[in-house]
Structures are given as structure tokens and as C-alpha cells.
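K.L.:
Can you read through this structure? Questions will come right after.
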Amino acid sequence: MEGKIALEEHFATTETIGDSQEYFSADIWPERRRQLLDLNSERLDRMDACGIGYSILSLNAPAVQAIPDPAQATAVARRANDELAEQVSAHPARFGAFAALPLQDPDAATDELRRTVNELGFKGALVNGFSQIGRPENATYYDLPQYRDFWAEAERLGVPFYLHPRNPLDSQKLGYRGHPWLLGPAWAFSQETGLHALRLIGSGLFDAHPNLTVILGHLGELVTNNIWRTSHWASPDGKNPMGVATTTPFIDTFRRNFYVTTSGNFRTIAMRNAIEEIGADRVLFSTDYPFETMEEAATWFDQAEIGENDRERIGHRNAAKLFSIPE
Ligand code: GRE
Ligand code: ZN
Numbered sequence: 001m002e003g004k005i006a007l008e009e010h011f012a013t014t015e016t017i018g019d020s021q022e023y024f025s026a027d028i029w030p031e032r033r034r035q036l037l038d039l040n041s042e043r044l045d046r047m048d049a050c051g052i053g054y055s056i057l058s059l060n061a062p063a064v065q066a067i068p069d070p071a072q073a074t075a076v077a078r079r080a081n082d083e084l085a086e087q088v089s090a091h092p093a094r095f096g097a098f099a100a101l102p103l104q105d106p107d108a109a110t111d112e113l114r115r116t117v118n119e120l121g122f123k124g125a126l127v128n129g130f131s132q133i134g135r136p137e138n139a140t141y142y143d144l145p146q147y148r149d150f151w152a153e154a155e156r157l158g159v160p161f162y163l164h165p166r167n168p169l170d171s172q173k174l175g176y177r178g179h180p181w182l183l184g185p186a187w188a189f190s191q192e193t194g195l196h197a198l199r200l201i202g203s204g205l206f207d208a209h210p211n212l213t214v215i216l217g218h219l220g221e222l223v224t225n226n227i228w229r230t231s232h233w234a235s236p237d238g239k240n241p242m243g244v245a246t247t248t249p250f251i252d253t254f255r256r257n258f259y260v261t262t263s264g265n266f267r268t269i270a271m272r273n274a275i276e277e278i279g280a281d282r283v284l285f286s287t288d289y290p291f292e293t294m295e296e297a298a299t300w301f302d303q304a305e306i307g308e309n310d311r312e313r314i315g316h317r318n319a320a321k322l323f324s325i326p327e
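Written as C-alpha cells, this is what we have:
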């Protein structure tokens, strides 16, 4: 399929590249490093070979979210966004941008979102989970009250917020001790990111800001798979005796305010499940390059057993509409 639009496509700056190294063996790392730093020929050649017409690029993880000093986080985010804007402007028909945001400082994050959208033409933000603020062990999630003005501005600007994975902190890793293979993309990324998404829903954020849009990668970070059960227990009319701050059933918010992408989860059964749960209008193609290959993502997607109308919607039509990308 030609003209696909992909939304979880990573790059790195020389300041953030080191954060990705631990996920690769020494023999593979030089290639991944090169691919993360490349915003030109290799990336465009692969997109051409895979029928990807347009990619929205985002910084690697955890990058800005793992810089405890708010001023430094703000400076690194601004430099990365400026660098990305310059690269994207060289290929405006092929590349768009998601902003990195210093949520260590909610006002600075709000300003940077406004700046990148209004002045640099960015399509939204991609944020790597909770932010560490002040102390490395201080994990701060975005359902907390200090983020409500930030969310109001995201809603007002009308741009999506892509909630991207990061690993839990050491203090949160009790169940992983002795089992390091469960960290990262094997399990911990999805568990951590799904938890954060459910915190946002349960906090009543989307009751206050009904036009807010959050995107989850990896076909929904396990939320999709468990949404009936979560909703059954945690919703305001659910069975949970502990109460909840939202006034809306979880499953309704998930269907109204969320999109999910195929990034790094090339599984037809899981995509069909997402189509059934959230609707084909809210599933979007993505690859997770260079942590995955564009080739595997595209070969799988182009041949997956779904209807051709759904393939058109998921492959590009939904994203073209959501991000106003000319087709
Ligand atoms: C990512 O998408 O950010 C990622 C990593 C490390 C391994 C796999 C992966 O940062 O998808
Ligand atoms: Zn990713």
C-alpha cells in the first residue's frame, strides 16, 4: 500500500542518543545509532521502499522526561525541537513533527507546546511517560492537578498528545527483580504506559476536557485488551468500592478520546481486536523505527487480513484527517 502515514518514528539528538543504547547489543548499536541520528537519505529511502509517504518524527526515550532539573529539561527539549523543525523544513511533504516537552515544569511545557505548534507547525507532542522532577526517584504523572492548565492548552490548540513508553523507576521495579528481560518493550513499557493512560482517564481529565486527544502506541499498551474488565470495575457505576474521580465509564472515554497505533505490535489478531474495541476510525498505522524495521511493519500491515476499507483508514485516511496532512 502506497502513501501510508506513520506516527511513532523516532530520531535522536547527540544530547539524547545515549538513552537508547541499553536496548541494543554492541554489534547492533552502531547501526541503530546511525538510524536515530539520520533524518535524510536512509530514512527517506526506507520510507519509499515501504510505501510510507509521510512520517511524524519524535525524539527517542526517555530523553527529556528523565532530566530531573526542570531548566535543563526545558533547554534540551527546545534544542531538540528546533533541530527537528529545521530537518522537517527540508522535506515538508515527507516529514512532520511531534514536540518533546519538559513536563517537569508545567508552564514551560505549555509554552513549548504553544511555540512548537504555532510557530514551528508541529502536529502535537510525544511525551515519554512520567517526568522525574528534582530528584531522580520523583516520578510525576500527568493526571495530577498541576497539569490541568497544560491539558487545557493542548485541548485549545487542538493537537494530540502521544503518550509514549518509558521504563518504571528502580523503586517501581519490585516485580521485575531478577527478570530484566521483562523490562522495556517485552512488558514493562506497556504496563507502565497503560497504567498512566488509565490514571488520566480515572482522574476525570477527559470530563473536564472532552475534546482532548491522547494517542497510545503498540495497539493500546494492554489497555485495549483489558478495557471491558477495567471499565467493569473502575467506572463510576462499576463494582469498585473505592470510587473514582471520573463521571464517565472508562470504556466510553477510551473510545472517545483515544487513538491507538500499530507501532511495534505487528499482530493481526491484536489489530482486529483494537478495531472491534475502539473502531477502525481510531486505529493508525505506525512502525516504531528504528527500534523496529519499517520493512516488517509495512509488509505485515499491507497483507494483514482486514477489510480494504479499514486498511485505507488505518494506513492513511484517519491520520490525514487527524493531522490535516494533504493526501
Ligand atoms: C521506543 O519505542 O522508544 C523503544 C525503545 C527501546 C526499545 C524498543 C522501543 O526506546 O520500541
Ligand atoms: Zn517508540
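Going letter by letter, the sequence shown gives residues 1 to 327 in full-length UniProt numbering. Don't be surprised by glycine CBs; every beta carbon is placed ideally from N, CA and C.
Report all residues from its chain with a CB closer than 6 Å to the CB of Ala280; omit the five preceding and five following residues, and keep chain order.
P.N.:
Numbered from its first residue, the sequence shown carries residue 280 at position 280. Closer than 6 Å at Cβ, skipping near neighbours: Asp310, Arg313.
K.L.:
On a Cα-Cα basis, can you pick out the residue from Gly264, Thr193, Tyr259, Ser286 that is closest to Ala274?
P.N.:
The count along the sequence shown starts at 1 and reaches residue 274 at position 274. Ranking Gly264, Thr193, Tyr259, Ser286 by Cα distance to Ala274 puts Tyr259 first.
K.L.:
Using only the alpha-carbon positions, how far apart do Leu126 and Glu86 sit?
P.N.:
Numbered from 1 along the sequence shown, position 126 holds the residue referred to as residue 126. Numbered from 1 along the sequence shown, position 86 holds the residue referred to as residue 86. Approximately 18 Å between the Cα atoms of the pair.
K.L.:
Which whole-angstrom value describes the C-beta separation of Tyr147 and Phe130, a residue pair presumed to lie in contact below a C-beta threshold of 8 Å?
P.N.:
Translated into positions along the sequence shown, residue 147 becomes position 147. Translated into positions along the sequence shown, residue 130 becomes position 130. Rounded, the Cβ-Cβ distance is 11 Å, inconsistent with contact.
K.L.:
Name the two residues that bound the continuous beta strand (DSSP E) containing Ala99.
P.N.:
As a position in the sequence shown, residue 99 is number 99, starting the count at 1. First-last of the beta strand (DSSP E) with Ala99: 95-99.
K.L.:
Can you find a heavy atom of ligand 1 that lies under 7 Å from the Cβ of Gly129?
P.N.:
Here the question's residue 129 lines up with position 129 in the sequence shown. For ligand 1, not one heavy atom lies less than 7 Å from the Cβ of Gly129.
K.L.:
Relative to the C-alpha of Ala270, which residue among Ala93, Glu221, Ile251 is closest?
P.N.:
As a position in the sequence shown, residue 270 is number 270, starting the count at 1. Among Ala93, Glu221, Ile251, the Cα nearest to that of Ala270 is on Glu221.
K.L.:
Is the region 170-187 in contact with the region 196-216, if contact means three or more CB pairs nearer than 8 Å?
P.N.:
Contact fails: fewer than three Cβ-Cβ distances are below 8 Å.
K.L.:
Using 8 Å as the threshold, is the C-beta distance between Asp293 and Glu8 below it?
P.N.:
Sequence index remark: in the sequence shown, residue 293 carries index 293 (1-based). Sequence index remark: in the sequence shown, residue 8 carries index 8 (1-based). A quick correction: the sequence has Thr, not Asp, at residue 293. No. Outside cutoff.
K.L.:
Is Asn60 near ligand 4, with its Cβ less than 7 Å from a heavy atom?
P.N.:
Absence of ligand 4 is noted for the structure shown, with ligand 1 and ligand 2 being the only ligands found.
K.L.:
Pairing CB atoms from the region 237-254 with CB atoms from the region 290-305, are three or more of them under 8 Å?
P.N.:
Segments in contact, no.
K.L.:
Counting only runs that start and end within the region 219-270, where is the beta strand (DSSP E) found for 3 or more residues in a row?
P.N.:
Within the region 219-270, the complete beta strand (DSSP E) runs of at least 3 residues are 258-261.
K.L.:
Are Pro160 and Ala61 close, meaning C-beta to C-beta below 8 Å?
P.N.:
If you number the sequence shown from 1, residue 160 lands on position 160. If you number the sequence shown from 1, residue 61 lands on position 61. Against a cut-off of 8 Å, the Cβ pair of Ala61 and Pro160 comes out as no contact.
K.L.:
Cβ of His179 within 7 Å of any heavy atom in ligand 1?
P.N.:
To locate residue 179, count along the sequence shown from 1; it is residue 179. Checking every heavy atom of ligand 1 against the Cβ of His179, none is found closer than 7 Å.
K.L.:
What is the residue span of the alpha helix (DSSP H) that His196 lies within?
P.N.:
Here the question's residue 196 lines up with position 196 in the sequence shown. Its alpha helix (DSSP H) spans residues 188-202.
K.L.:
Let me check one thing: in DSSP terms, what residues is Ile5 bridge-paired to?
P.N.:
Counting from 1 along the sequence shown, the entry for residue 5 is found at position 5. Its beta-bridge partners are Tyr54.
K.L.:
Just how far apart, CA to CA, sit Ala73 and Leu163?
P.N.:
Position 73 of the sequence shown holds residue 73. Position 163 of the sequence shown holds residue 163. Each residue's alpha carbon lies about 18 Å from the other.
K.L.:
Confirm, please, whether the CB-CB distance from Ala66 to Ala80 is below 8 Å.
P.N.:
As a first step, residue 80 is located in the sequence shown; it is residue number 80 there, counting from the start. As a first step, residue 66 is located in the sequence shown; it is residue number 66 there, counting from the start. No.
K.L.:
Is the CB-CB distance between Gly315 and Phe285 below 8 Å?
P.N.:
Residue numbering aside, residue 315 sits at position 315 when the sequence shown is read from its first letter. Residue numbering aside, residue 285 sits at position 285 when the sequence shown is read from its first letter. It is a contact, given that the beta carbons lie within the stated cut-off.
K.L.:
Does the distance between the C-beta of Phe291 and the nearest non-hydrogen atom of ligand 1 fall short of 7 Å?
P.N.:
Your numbering for residue 291 matches position 291 in the sequence shown. Yes, ligand 1 has a heavy atom inside 7 Å of this Cβ.
K.L.:
Would the beta-carbon of His10 be found less than 7 Å away from any heavy atom of ligand 2?
P.N.:
Taking the sequence shown and counting its residues from 1, one reaches residue 10 at position 10. Checking every heavy atom of ligand 2 against the Cβ of His10, one is found closer than 7 Å.
K.L.:
To the nearest angstrom, report how far apart Trp228 and Tyr23 are at their CA atoms.
P.N.:
Within the sequence shown, residue 228 is the residue found at index 228, counting from 1. Within the sequence shown, residue 23 is the residue found at index 23, counting from 1. Rounded to the nearest angstrom, the two C-alpha atoms are 33 Å apart.
K.L.:
Taking the alpha helix (DSSP H) that Leu44 belongs to, which residues open and close that run?
P.N.:
In the sequence shown, residue 44 corresponds to position 44, counting from 1. Per DSSP, Leu44 belongs to the alpha helix (DSSP H) from 41-49.
K.L.:
Ile5 and Ala319 - do their beta-carbons sit closer together than 8 Å?
P.N.:
The sequence position of residue 319 within the sequence shown is 319, counting from 1. The sequence position of residue 5 within the sequence shown is 5, counting from 1. Their beta carbons are under 8 Å apart, which means Ala319 touches Ile5 by this criterion.
K.L.:
Of all the beta strand (DSSP E) runs that stay within the bounds of the region 106-172, which reach a length of 3 or more residues?
P.N.:
124-127, 161-163, all fully within the region 106-172.
K.L.:
What span of residues does the alpha helix (DSSP H) with Leu84 cover, start to end?
P.N.:
Within the sequence shown, numbered from 1, the residue matching residue 84 stands at position 84. 70-90 is the span of the alpha helix (DSSP H), which, as asked, contains Leu84.
K.L.:
Just how far apart, CA to CA, sit Thr224 and Asp207?
P.N.:
Translated into positions along the sequence shown, residue 224 becomes position 224. Translated into positions along the sequence shown, residue 207 becomes position 207. So the alpha carbons of these two residues sit roughly 20 Å apart.
K.L.:
Rounded to a whole number of angstroms, what is the C-alpha to C-alpha distance between Pro241 and Thr247?
P.N.:
Residue numbering aside, residue 241 sits at position 241 when the sequence shown is read from its first letter. Residue numbering aside, residue 247 sits at position 247 when the sequence shown is read from its first letter. Distance between the alpha carbons of Pro241 and Thr247: 15 Å.
K.L.:
So, with DSSP's three-state summary, where would you put Leu212?
P.N.:
The count along the sequence shown starts at 1 and reaches residue 212 at position 212. Reduced to three states, the DSSP call for Leu212 is coil.
K.L.:
Straight-line CA distance for Gly124 to Leu36?
P.N.:
As a working note, residue 124 is residue 124 in the sequence shown. As a working note, residue 36 is residue 36 in the sequence shown. Taking the straight line joining both Cα atoms gives about 20 Å.
K.L.:
Can you name the start and end residues of the alpha helix (DSSP H) that Phe323 belongs to?
P.N.:
Sequence index remark: in the sequence shown, residue 323 carries index 323 (1-based). Here the alpha helix (DSSP H) through Phe323 covers 318-323.
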